[in-house]
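Participant: The UniProt record's numbering puts the first residue of the sequence shown at 1, with every later residue one more than the last.
Ideal Cβ positions, reconstructed from N, Cα and C, are used throughout, including at glycine.
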Amino acid sequence: MPLHTFANTSRFSVEGEMIEYRLRPSDDVSDGGDTPPPSSSPVGSPVLAPVLAPVRPASRSNVTKPEQSGILSVPPRDEFVLFDDNDDDSNNNSKDDDDDEDMGEAPAVSTPALEDTKDAIAGCGGDDKENEPPKRGMIASLNHDNAPGRWYDHIRRYSTAVILASVFGVRGASFDSPQVSALYHVQDQFTQITELGATPPVDIFPWLKRLPNVVSSWRKWAYSIRTEQRALYFSLMQQSKRQMQKDDAKECFLARLIKDQEKSGLSDEHIAYLGGTLMEAGSDTTASTLLSFLLAMANHPDVLRRCQEEVDALCGVVRSPAIDDLDQLPYVRAVMNETLRWRPVAAGGIPHAVTEDDHYNGYFIPKGTILFANAWAIHRTAEFEDPEAFKPERFLHNKFGIDPLHSGQIDESKRRVQYGFGAGRRVCSGQRLAENSLIVNMAKLVWGFNIKPEGGRLDDDVATSYHGGFLIAPKEFPLQFIPRSAAHVDVMEKEHRVADGYLQQFEE
1 MPLHTFANTS RFSVEGEMIE YRLRPSDDVS DGGDTPPPSS SPVGSPVLAP VLAPVRPASR
61 SNVTKPEQSG ILSVPPRDEF VLFDDNDDDS NNNSKDDDDD EDMGEAPAVS TPALEDTKDA
121 IAGCGGDDKE NEPPKRGMIA SLNHDNAPGR WYDHIRRYST AVILASVFGV RGASFDSPQV
181 SALYHVQDQF TQITELGATP PVDIFPWLKR LPNVVSSWRK WAYSIRTEQR ALYFSLMQQS
241 KRQMQKDDAK ECFLARLIKD QEKSGLSDEH IAYLGGTLME AGSDTTASTL LSFLLAMANH
301 PDVLRRCQEE VDALCGVVRS PAIDDLDQLP YVRAVMNETL RWRPVAAGGI PHAVTEDDHY
361 NGYFIPKGTI LFANAWAIHR TAEFEDPEAF KPERFLHNKF GIDPLHSGQI DESKRRVQYG
421 FGAGRRVCSG QRLAENSLIV NMAKLVWGFN IKPEGGRLDD DVATSYHGGF LIAPKEFPLQ
481 FIPRSAAHVD VMEKEHRVAD GYLQQFEE
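Next comes the structure, spelled out in structure tokens:
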């Protein structure tokens with residue numbers, strides 16, 4: 001549980017389970033605020049405790065390894081730096097050719113180029129009409145996936161397919177397709193290596209990278225992941241370029257970047273990694289949220305029934321919910337927000353650095369301190385009534401889902417509805433795309449199916465029923481999807497045929 005919680009966009013939890021910082025009280029700081037830190041702490045950095053021994057957690061993916069898929073080939077290794085601190089490497093230990101290759105230096109990118117890229121990312125979600133058809137098609141195909149025993153994989157396949165189509169203009173038709181299999185293998189490895197304790201805290205103690213390879217086994221692991229990751233990204237970028245040569249080529253995120261490449265100054269390396277980063281950020285996270293939603297529906301039939309009543313009143317049995325219906329589904333939206341509050345995927349948040357010295361609740365936070373926006377702790381403060389319970393109605397009573405007794409005590413201008421997408425300047429740039437996809441998927445699933453657990457109430461305790469790591473996701477659980485009627489099945493079949501015809505253009 002949190003030791004300290006910071007307010008609004010700087011609201012961070014210093015938590016032993018994540019990273020515990022021993023911060024100096026303001027009483028020990030001079031008026032100038034520049035008292036040197038304790039000798040046991042690096043200058044400008046908090047003390048990190050505990051430092052865990054490197055481990056490689058057990059994999060949670062049963063997917064084809066990318067080297068077995070036949071799609072991966074490694075492009076030239078240029079314009080990439082694993083650690084770029086501009087330090088003199090003269091006193092580094094002798095290099096192992098297989099482990100410590102010179103990656104070169106990444107070219108600088110101008111601010112206008114980054115702003116253009118930011119706009120392009122924003123265009124992949126929300127009201128972007130160019131990207132609505134692939135999203136509609138993928139959502140329709142999810143309801144049609146007809147191997148009920150593999151429903152867990154169907155959810156993961158769908159979330160990846162939306163990103164593949166929107167970002168790369170490529171279709172991921174099945175979980176066993178080379179692109180989807182390769183992505184989940186790389187993503188699984190990347191998640192493991194970024195888990196707390198999996199590697200030494202090199203970002204905080206840069207001198208650790210100078211240790212010899214014999215005591216730095218994580219290096220070879222990191223290079224292996226990087227090789228697979230880069231090969232996947234470049235393979236998909238080349239596939240996007242081939243799609244652009246077609247007479248009826250459809251617009252996608254990478255196509256925009258490639259067309260403007262000369263103007264923006266982005267290299268192939270930048271473009272491949274921009275697309276790959278969006279794909280990794282938007283696939284596993286969306287799937288994990290949908291899996292938590294299904295777990296909640298199985299254990300809360302009253303919530304499921306209320307969702308069904310809302311979509312039935314809007315759509316009947318003649319059609320399923322669509323993106324145009326979002327504003328008329330307030331309860332389903334509340335369910336989405338509650339799912340993100342109840343089980344945030346990136347529970348510990350991503351690191352932020354303090355840009356100037358700060359004080360909060362008697363603690364001095366020096367410039368450069370690394371803090372984590374701990375969504376898990378933020379979502380479980382006293383402001384939330386019964387925070388461990390799944391209660392979507394809290395977001396109907398109050399925009400932020402907090403207890404009415406606390407609603408007058410907060411500055412709404414500095415608060416987010418929930419912190420599942422992060423906070424501050426590094427908030428998720430694909431939030432609109434993710435929220436729209438989540439709401440429509442949730443609405444379509446409850447419209448088409450009765451969702452029931454097999455064998456009684458399911459375990460939903462995060463300590464026992466979830467995979468750990470930087471990103472959390474439910475372990476596979478027994479679930480039944482029962483079509484609500486023959487009429488619902490007919491609509492799903494019809495929508496799938498239309499979607500399948502449209503999505504064929506994303507195939508090579």
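For N450, name the three-state secondary structure that DSSP assigns.
Facilitator: For this step, residue 450 is matched to residue 450 along the sequence shown. Three-state result, N450: strand.
Participant: In the DSSP assignment, the beta strand (DSSP E) including Q189 goes from what residue to what residue?
Facilitator: Reading the sequence shown from its first residue, position 189 is the one you call residue 189. Boundaries around Q189 are those of the alpha helix (DSSP H), 178–193, since no beta strand (DSSP E) includes it.
Participant: Count the other C-beta atoms from every protein chain shown that fall within 10 angstroms of the C-beta of R333, then say buried if there are 16 or more, exposed otherwise.
Facilitator: In the sequence shown, residue 333 corresponds to position 333, counting from 1. That one is buried.
Participant: Measuring CB to CB, does V446 end up less than 8 angstroms from C307?
Facilitator: Residue 446 sits at position 446 when you count from the first residue of the sequence shown. Residue 307 sits at position 307 when you count from the first residue of the sequence shown. When the beta-carbon positions are compared, V446 and C307 come within less than 8 angstroms of each other.
Participant: Is the region 349–369 touching the region 454–467, taking contact as three or more C-beta pairs under 8 angstroms?
Facilitator: no
Participant: Which residue spans inside the region 317–345 form an unbroken beta strand (DSSP E) run of at least 3?
Facilitator: Those beta strand (DSSP E) runs which fall completely within the region 317–345 and span 3+ residues do not exist here.
Participant: Is A231 helix, strand or coil by DSSP?
Facilitator: Looking up residue 231 in the sequence shown gives position 231. Of the three classes helix, strand and coil, the one that applies to A231 here is helix, per DSSP.
Participant: Got a sec? Which residues, its chain only, sit under 7 angstroms from G501 by beta carbon, not counting five neighbours each side?
Facilitator: What you label residue 501 is simply residue 501 of the sequence shown in a count that begins at 1. The answer is none, since no qualifying residue turns up.
Participant: Looking only at C-alpha atoms, which of I193, I204, Q239, S240 sits nearest to W218?
Facilitator: As a position in the sequence shown, residue 218 is number 218, starting the count at 1. When only C-alpha atoms are compared, the closest one is I193.
Participant: Sorted by chain position, which residues of the same chain lie with C-beta nearer than 8 angstroms to P453's C-beta, five sequence neighbours on each side aside?
Facilitator: Mapped onto the sequence shown, residue 453 falls at position 453. Around P453: A298, N299, F477, P478, L479, Q480.
Participant: Can you give me the C-alpha to C-alpha distance between R341 and G282, rounded to a whole angstrom?
Facilitator: The count along the sequence shown starts at 1 and reaches residue 341 at position 341. The count along the sequence shown starts at 1 and reaches residue 282 at position 282. The alpha-carbon atoms of R341 and G282 are separated by roughly 18 angstroms.
Participant: Which word fits E412, buried or exposed, when buried means at least 16 other C-beta atoms lie within 10 angstroms of its C-beta?
Facilitator: For the purposes of this step, residue 412 is taken as residue 412 along the sequence shown, with counting starting at 1. Exposed, since its Cβ has fewer than 16 Cβ neighbours within 10 Å.
Participant: Using three-state DSSP, classify H467 as helix, strand or coil.
Facilitator: Start at 1 with the first residue of the sequence shown, and residue 467 comes out as number 467. Of the three classes helix, strand and coil, the one that applies to H467 here is strand, per DSSP.
Participant: Do you know how far the Cα of A231 is from the Cα of A272?
Facilitator: On the sequence shown, residue 272 is found 272 positions in, with the first residue counted as 1. On the sequence shown, residue 231 is found 231 positions in, with the first residue counted as 1. Whole-angstrom Cα-Cα distance: 10 angstroms.
Participant: Taking one C-beta from the region 359–368 and one from the region 484–492 each time, how about it: are there three or more such pairs within less than 8 angstroms?
Facilitator: no
Participant: Does the Cβ-Cβ distance between Y466 and P392 come in under 8 angstroms?
Facilitator: Counting from 1 along the sequence shown, the entry for residue 466 is found at position 466. Counting from 1 along the sequence shown, the entry for residue 392 is found at position 392. Their beta carbons are not under 8 angstroms apart, which means Y466 does not touch P392 by this criterion.
Participant: Return the chain-ordered list of same chain residues with a C-beta closer than 7 angstroms to the C-beta of F395, the five sequence neighbours on each side being excluded.
Facilitator: Numbered from its first residue, the sequence shown carries residue 395 at position 395. Excluding sequence neighbours, F395 sits near A334, N337, E338, G401.
Participant: Can you tell me the Cα-Cα spacing of F470 and G348, whole angstroms?
Facilitator: Position 470 of the sequence shown, counting from 1, holds the residue named residue 470. Position 348 of the sequence shown, counting from 1, holds the residue named residue 348. Distance between the alpha carbons of F470 and G348: 7 angstroms.
Participant: From R319 to D325, what distance separates their C-alpha atoms?
Facilitator: By one-based count along the sequence shown, residue 319 stands at place 319. By one-based count along the sequence shown, residue 325 stands at place 325. Between R319 and D325, the C-alpha separation is close to 12 angstroms.
Participant: Considering only C-alpha positions, which residue in the set Y152, G275, G424, K241 is nearest to F372?
Facilitator: The count along the sequence shown starts at 1 and reaches residue 372 at position 372. With distances taken between Cα atoms, F372 lies closest to G424.
Participant: Counting only the same chain and skipping the five closest in sequence on each side, list residues whose C-beta sits under 6 angstroms from that of I163.
Facilitator: To locate residue 163, count along the sequence shown from 1; it is residue 163. Here the set comprises M279, G282, S283.
Participant: Quick check on the burial criterion: 16 or more other C-beta atoms within 10 angstroms. Buried or exposed for K444?
Facilitator: Counting from one through the sequence shown, the residue named residue 444 turns up at place 444. By the neighbour-count criterion, in which 16 or more other beta carbons inside 10 Å mark a residue as buried, K444 falls on the buried side.
Participant: Using only CA atoms, which one of K399, N398, W376 lies nearest to E388?
Facilitator: Working through the sequence shown from its first residue, we reach residue 388 at position 388. Of the residues K399, N398, W376, the one whose Cα lies closest to the Cα of E388 is W376.
Participant: Name the DSSP beta bridge partners of D358, please?
Facilitator: Translated into positions along the sequence shown, residue 358 becomes position 358. DSSP, once it has assigned bridges, lists I365 as partnering D358.
Participant: Does DSSP classify F421 as helix, strand or coil?
Facilitator: Counted from its first residue, the sequence shown places residue 421 at position 421. Three-state result, F421: coil.
Participant: Taking just the CA atoms, how far does L257 sit from R150?
Facilitator: Here residue 150 refers to the residue found at position 150 of the sequence shown. Here residue 257 refers to the residue found at position 257 of the sequence shown. So the two alpha carbons sit approximately 36 angstroms from each other.
Participant: Ends of the alpha helix (DSSP H) at H397?
Facilitator: To locate residue 397, count along the sequence shown from 1; it is residue 397. Start and end: 394–397.
Participant: Quick one: grab the DSSP three-state call for I482.
Facilitator: In the sequence shown, the residue the question calls residue 482 occupies position 482. The answer is strand: DSSP assigns I482 an E or B state.
Participant: Just the C-alpha distance for V167 and D386, rounded to the nearest angstrom, thanks.
Facilitator: Numbered from 1 along the sequence shown, position 167 holds the residue referred to as residue 167. Numbered from 1 along the sequence shown, position 386 holds the residue referred to as residue 386. Roughly 39 angstroms between the two C-alpha positions.
Participant: Just to confirm, is the Cβ distance from R426 to I350 under 8 angstroms?
Facilitator: Taking the first residue of the sequence shown as position 1, residue 426 is located at position 426. Taking the first residue of the sequence shown as position 1, residue 350 is located at position 350. Yes, these two residues count as a Cβ contact at 8 angstroms.
Participant: Counting along the chain, where does the beta strand (DSSP E) carrying F372 start and finish?
Facilitator: For the purposes of this step, residue 372 is taken as residue 372 along the sequence shown, with counting starting at 1. 370–372 is the extent of the beta strand (DSSP E) around F372.
Participant: Excluding the 5 residues flanking A191 on each side, which residues of the same chain have their C-beta closer than 7 angstroms to its C-beta?
Facilitator: The residue labelled residue 191 in the question sits at position 191 within the sequence shown. A quick correction: the sequence has Thr, not Ala, at residue 191. Cβ neighbours of T191 beyond the five flanking positions: G469, F470, L471.
Participant: Given a threshold of 16 other Cβ atoms within 10 Å of its Cβ, counted over all protein chains shown, does G362 qualify as buried or as exposed?
Facilitator: Here residue 362 refers to the residue found at position 362 of the sequence shown. Its Cβ having fewer than 16 others within 10 Å, G362 is exposed.
Participant: Would you kindly report the start and end of the unbroken alpha helix (DSSP H) that includes A198?
Facilitator: Your numbering for residue 198 matches position 198 in the sequence shown. A198 -> no alpha helix (DSSP H), and no H or E assigned at all.
Participant: DSSP has P301 in a bridge; who is on the other side?
Facilitator: Mapped onto the sequence shown, residue 301 falls at position 301. None; P301 has no bridge partner.
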